[in-house]
Each structure stands twice: as C-alpha cells, then as structure tokens.
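Sequence lines, in order, name chains A and B. Residues in the first sequence are numbered consecutively from 1, following this note's numbering. Residues in the second sequence are numbered consecutively from 1001, following this note's numbering. Data first, discussion second: the structure below is written as structure tokens.
There are 2 protein chains.
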Amino acid sequence: LIELDDVYRTYEMGGEVVRALDGVSLRIEAGELVAIIGQSGSGKSTLMNVLGCLDSPTSGRYALAGQDVSVLDDEQLAHVRNRTIGFVFQSFHLLPRQTALENVALPLLYRREGRLTPKAREAAAQEALGIVGLADRALHRPNEMSGGQRQRVAIARALVGKPHMILADEPTGNLDSKTSLEILDLLVALPEEQGRTVIIVTHEPEVAERCHRTIRLLDGKVVEDTRDGTP
Amino acid sequence: LIELDDVYRTYEMGGEVVRALDGVSLRIEAGELVAIIGQSGSGKSTLMNVLGCLDSPTSGRYALAGQDVSVLDDEQLAHVRNRTIGFVFQSFHLLPRQTALENVALPLLYRREGRLTPKAREAAAQEALGIVGLADRALHRPNEMSGGQRQRVAIARALVGKPHMILADEPTGNLDSKTSLEILDLLVALPEEQGRTVIIVTHEPEVAERCHRTIRLLDGKVVEDTRDGTP
Ligand SMILES: Nc1ncnc2c1ncn2[C@@H]1O[C@H](COP(=O)(O)OP(=O)(O)OP(=O)(O)O)[C@@H](O)[C@H]1O
Ligand SMILES: Nc1ncnc2c1ncn2[C@@H]1O[C@H](COP(=O)(O)OP(=O)(O)OP(=O)(O)O)[C@@H](O)[C@H]1O
Ligand SMILES: [Mg+2]
Ligand SMILES: [Mg+2]
C-alpha cells in the first residue's frame, strides 16, 4: 500500500540545513498495525505528513496504492486525503468556532461523490463522538473542552469517514491511562476487524507493544524495524 | 503557600451546568512537589488555571501566600503571574510569529521592576533553552519545530524568570521517554535544590511516582491525596 523510496525532507534555515527525513525507505502493506517511535525531533511527524500527502518530499518517491503521489494535482491529492486517509494531528487542528459535532462532520462535508445528507452526516458524527466517549460534548467548542477531550474530537474526526488508512500522531498524549486504553483498543481493532491500515506515532512503549510492527526513527533515518520484536 | 477553600468552577451551557471544579479544598506548602492526576475531563487544567490566577472560581476562596487572590486588581494579578508563577500550558500557547528565543524571553520582557537589559534577557533565554536541550533551535519559530520541541520551549519560558511556583500541565505529553526523563529530572530538582513549589499535572504514573504527593481528581472533586502512598 505504502512505498517510500529514499525519501528526504530538508529545510534550509539561514545557511543551515535541517534534515527532518534523511533517506527513508519503507514498505507498509494494507491492513498493517504499525507504531512509529523515536526521540523528540527525530522526524516522526514529518514522516506522517509525507504519508498523509500533506507535505511532499524534497527528493525521493512516495507511492500510495501503486500510484506515485507526486504526479497528482491538488484536487486529486485533496480527494486522496479526504477519502483514503484519516489524520489525527499532534496538535489536533480543530476549528475553534465550530462545535465538536461540526468538527467531526467536516471530512463528510468535503466529499463530492457519494455525499451524505446533512442529517446522515450529523448522525455519523454523533456516532463517532459516542465511540470516543464524548456524546455529551457534541455542542461544545474546542475552548469549552479539556485537552484530552479535544484530542478525542480529533480522533473521532479521523474515523468518521471510515478511511482505509489512519495516521495518528501521538493520539493518546493528552489522555489518562484508562481513556488511553479505550482509544488504543479502538485503533488496534481497525486492522483486525476491518482490514484497515493503522499507523500510530507514539512515545509510549505500552502503545508500541500493542502494534504488530515498530519502526524507530533517529535523526530522520529508520534505525530499527521489527515485527513483534524480530527485525 | 496555597490554600483553596471550597472552590467551585462551573459553566452554564444551554441549560446544563458543567461542574469543572465541584468543591475543592486544598493546602499546598511552599517547596512541595505535587502531582495532579485524574481522568480526561476531571478538572486538572481548570484547577491549574485557578492556581495560576488565570481563572477565578465561581465560588470559594483562593489564598496565595496568605493573600486572598480575589481582592487583587488586574495589574496586581498580572504582577503575581509574571513574578511568582511559571506556567506550562497543556497546549503551549507560544507566539507563532516569534522565535523560540523571543518566546522564552517574554516573561522577562513584561517585568517592571528589576528589569534586565535586552542582552541579559537574551542570555537568560538562551540558557533556559539550553537546559531543555534546544540551544540549536533558538531562532526557529514554533511551526518550524516538532511538537516535543514546542513543548520544551513552553517549559523553558516557564522557568526563565526563576519563579517561586511552577505549574506544569502535562509537560511531558509530547516527549519520548528519554527527553521526558530529562525534563522530569529538571522539574523534580527545583523543590529539592531551590525550595520552589512544583505542581505537575500528569497522566503518567511514572511521573506521579517521582513526586512527594499525589492528588487525584474525579469529576471536579479531590478523591485522593497521598504522600508517598500514605493518605
Ligand atoms: N469553557 C468551558 N465551558 C464548558 N465546559 C468546560 C469549559 N472548559 C472546560 N470545560 C469542561 O470542564 C471539565 C474539566 O475540564 P479540564 O480542562 O479541567 O479537564 P482536565 O482534567 O484538564 O482534562 P484533560 O486530562 O483531558 O486535559 C471538562 O469536562 C470540560 O469539558
Ligand atoms: N518548518 C521547519 N523548518 C525547519 N525545521 C523544521 C521544520 N519543521 C520541522 N523541523 C525540524 O525537523 C525535525 C523533525 O521534526 P518532526 O516534527 O518530524 O519531529 P518529531 O519526531 O515529530 O518530534 P516530536 O516527538 O517532538 O513531535 C525537528 O528537528 C524540527 O525542528
Ligand atoms: Mg511530532
Ligand atoms: Mg487538561
């Protein structure tokens, strides 16, 4: 499903070059459950942004379902992001003036083909909120919620359109252990029960342990790639 | 140092009342190292905002160093916040168009008495960035940094003015275990080595274990208050 071929992502900052991704090659099959781990600043979010078609490599190739993503135009990319990928951002990126319900329904609103009616969108959003334990916060805006509640709204939004691939960047960073476990159970079930691909950036070993495969980044490179403890 | 007396913080949302703090009474002495734990939505950030003089209780009393905070005017409150309290926010609240160095120097810029020269402010900010491992990111803006780097800038900013009291709302939520440990070592040393009061909201048991005292919130109430495991 995913093929990264010698991908670089660099930034130039006043004469200095920051190598956020420094030659990454990876293959991830459909239905895999993968944890991405590594130190702060090692390139995890940058990798997720490339995988999620939110950022393009400085060099190297990214093929998604066999298609080279760099030949897609903006409209096609937006379509891929909307239909195929559900993204939980490390900093949530919720719309501050919209309610939780409106935020969660957003991916459905952006659809062109097979678009649901407003009533059906609202029902799907309410259901997604229920799954993350926020049914009673549907009409709250982000600044009327706790940090962990906002994080769960971001998770519900990523799930509502039932995308094939879920990219979750530190989805339990603001959650207590009990809520964390509930969210994790839900994410881990998606490959098993629905064949969807789930990639989770995490710095918590307990989260990585529940994934089939763990990829470790350091200074923009893959330094470890193990399946259940075996390289 | 801190005395909360039957503090309530409620919100009215279209006919429904949300009790973020539902009758909290607490005493925290100067120099204590306290962990605040509890489920997502249990009231931890609300408690921190009240302690940090960023929010006032709906009812009840908050006395800081013997002084009832509700009788202070806006200018006096701003002075208390600037001089006495260093706050690490759960969502960082960095200024997006300023560099890490400028963000960290901000509390020093706001001082009236005993104000440092621009050169001295810059040196203090650079030192604080060094302490959190970000000396080489001083000129980066928040969107040119990773999530964990932004979190550390927020921590450096809380420490730069050497305030008596540090309120850290989930300071290691976006950090890998190694960086987390370094930040924790640094926070835990402040009461021991400098007699400062440190209150850390955390959902990670390993962080709570390093504090002398743990206060657990549930539905806006204190349900547990133990010192090294003893109530
Ligand atoms: N402005 C507001 N209006 C209405 N309800 C609010 C508002 N701010 C917070 N709340 C509610 O108050 C409760 C406590 O929020 P708080 O942010 O203190 O929780 P928390 O313990 O910090 O949670 P987390 O671990 O998720 O960060 C939550 O249920 C939240 O939805
Ligand atoms: N726009 C940018 N300009 C310059 N450098 C950048 C930019 N964005 C990211 N970086 C740098 O790229 C590196 C990788 O960043 P990235 O956000 O991928 O790290 P991360 O592994 O997600 O870290 P964390 O665990 O702290 O979230 C970091 O050192 C960061 O400072
Ligand atoms: Mg990141
Ligand atoms: Mg909070």
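Built from N, CA and C at the ideal position, the CB exists for glycine as well. None of these values were measured; they are calculated from a predicted model.
| Per DSSP, what kind of secondary structure is residue 1223 of chain B in: helix, strand or coil? | In the three-state reduction of the DSSP assignment, residue 1223 of chain B falls in the strand class.
| request: Measuring alpha carbon to alpha carbon, tell me which of B:1192, B:1046, B:1165 ends up nearest residue 1008 of chain B. | output: Nearest C-alpha to residue 1008 of chain B: B:1046.
| request: Can you check the region 55-136 of chain A for any alpha helix (DSSP H) of at least 4 residues that lies completely inside it and give the ranges in chain order? | output: Complete alpha helix (DSSP H) runs here, min 4: 74-84, 100-109, 118-131.
| message | So, at 6 Å on beta carbons, what are the nonlocal neighbours of residue 1187 of chain B in its own chain, with the 5 sequence-adjacent residues on each side left out? | response | So the qualifying residues of the chain are 1198.
| Under a three-way DSSP split, which group does residue 1207 of chain B fall into? | The answer is helix: DSSP assigns residue 1207 of chain B an H, G or I state.
| request: Would you give the residue range spanned by the alpha helix (DSSP H) that residue 1032 of chain B belongs to? | output: In the DSSP assignment, residue 1032 of chain B falls outside any alpha helix (DSSP H) and carries neither an H nor an E.
| Does the Cβ-Cβ distance between residue 237 of chain A and residue 1040 of chain B come in under 7 Å? | This structure gives no information on residue 237 of chain A, because the portion of chain A shown stretches from 1 to 231.
| Secondary structure at residue 1025 of chain B, three-state DSSP: helix, strand or coil? | Secondary structure at residue 1025 of chain B: strand, using DSSP grouped into helix, strand and coil.
| Do the region 18-27 of chain A and the region 136-147 of chain A meet, that is, are 3 or more Cβ pairs less than 8 Å apart? | As far as the Cβ criterion goes, the region 18-27 of chain A does not touch the region 136-147 of chain A, which means the pair count is below three.
| query | Quick one: any contact between the region 1135-1144 of chain B and the region 1156-1175 of chain B, if contact means 3 or more CB pairs under 8 Å? | reply | Cβ pair count under 8 Å is below three, so no.
| message | Let me check you understand the geometry: is the CB of residue 1114 of chain B closer than 6 Å to at least one non-hydrogen atom of ligand 1? | response | Outside the cutoff, so no.
| query | Can you tell me whether DSSP reads residue 5 of chain A as helix, strand or coil? | reply | Strand at residue 5 of chain A.
| said: Using DSSP's beta-bridge definition, name the partner residues of residue 1010 of chain B. | reply: B:1019.
| request: State the CB to CB distance for the pair residue 139 of chain A and residue 101 of chain A, rounded to an integer number of angstroms; the pair is presumed to be in contact (CB under 8 Å). | output: 7 Å between Cβ atoms; contact.
| query | Can residue 1066 of chain B and residue 1006 of chain B be called in contact, C-beta distance under 7 Å? | reply | No.
| field | Local conformation of residue 1230 of chain B per DSSP, three classes | value | The answer is strand: DSSP assigns residue 1230 of chain B an E or B state.
| request: Using three-state DSSP, classify residue 1185 of chain B as helix, strand or coil. | output: In the structure shown, residue 1185 of chain B sits in a helix (DSSP, three-state: H, G or I).
| Beta carbon of residue 43 of chain A: closer than 6 Å to some heavy atom of ligand 2? | Under cutoff, so the answer is yes.
| task | Inspect the CB distances between the region 1159-1173 of chain B and the region 1086-1094 of chain B and report whether three or more fall short of 8 Å. | result | Segments in contact, yes.
| field | Simplified DSSP assignment, three categories, for residue 213 of chain A | value | Here DSSP, grouped into helix, strand and coil, assigns residue 213 of chain A to strand.
| said: Check this for me: beta carbons of residue 974 of chain B and residue 1161 of chain B, under 7 Å apart or not? | reply: Outside the displayed span of chain B (1001 to 1231) sits residue 974 of chain B, for which this structure offers no information.
| Along the chain, where does the alpha helix (DSSP H) that runs through residue 50 of chain A open and close? | Taken as a continuous stretch (DSSP letters only), the alpha helix (DSSP H) holding residue 50 of chain A covers 44-51.
| message | What does the alpha-carbon distance come out to for the pair residue 1062 of chain B and residue 1214 of chain B? | response | Looking at the two C-alpha atoms, the distance is approximately 20 Å.
| By the 10 Å Cβ neighbour count, where 16 or more other Cβ atoms means buried, how is residue 204 of chain A classified, buried or exposed? | By the neighbour-count criterion, in which 16 or more other beta carbons inside 10 Å mark a residue as buried, residue 204 of chain A falls on the buried side.
| Selection of the region 92-103 of chain A by Cβ proximity to chain B, strictly under 9 Å | For the region 92-103 of chain A, residues whose beta-carbon sits nearer than 9 Å to a beta-carbon of chain B comprise 92.
| Is there at least one Cβ from chain A nearer than 7 Å to residue 1179 of chain B's Cβ? | It does; some Cβ of chain A falls within 7 Å.
| Contact set between residue 1023 of chain B and chain E, taken where Cβ atoms lie within less than 7 Å | Although the question refers to chain E, the structure presented lacks it and instead comprises the protein chains A and B.
| field | Buried/exposed call for residue 33 of chain A, threshold 16 Cβ in 10 Å | value | Buried, because 16 or more other Cβ atoms sit within 10 Å of the Cβ of residue 33 of chain A.
| message | So if I threshold CB-CB distances at 7 Å, which residues from the region 39-59 of chain A count as touching chain B? | response | The region 39-59 of chain A vs chain B, Cβ under 7 Å: 39, 40, 41, 45.
| message | Quick check: is the beta carbon of residue 1143 of chain B nearer than 7 Å to any beta carbon in chain A? | response | Cβ-Cβ to chain A under 7 Å: no for residue 1143 of chain B.
| task | Out of B:1230, B:1136, B:1212, B:1075, state which residue places its alpha-carbon closest to the alpha-carbon of residue 14 of chain A. | result | Among B:1230, B:1136, B:1212, B:1075, the Cα nearest to that of residue 14 of chain A belongs to B:1136.
| said: Looking at residue 84 of chain A: is its Cβ nearer than 7 Å to the Cβ of residue 212 of chain A? | reply: It is not a contact, given that the beta carbons lie outside the stated cut-off.
| request: Return the Cβ separation of residue 152 of chain A and residue 134 of chain A in integer angstroms, given the expectation that the two are a contact with Cβ distance under 8 Å. | output: Right, the Cβ-Cβ distance comes to about 6 Å (below 8 Å), so this counts as a contact.
| query | Should residue 177 of chain A be counted as a contact of ligand 4 given a C-beta to heavy atom distance under 6 Å? | reply | In this structure, residue 177 of chain A has its beta carbon at no less than 6 Å from each heavy atom of ligand 4.
| query | Under the criterion of a Cβ to heavy atom distance below 6 Å, does residue 1040 of chain B qualify as lining ligand 1? | reply | Shortest gap from the CB of residue 1040 of chain B to any heavy atom of ligand 1: under 6 Å.
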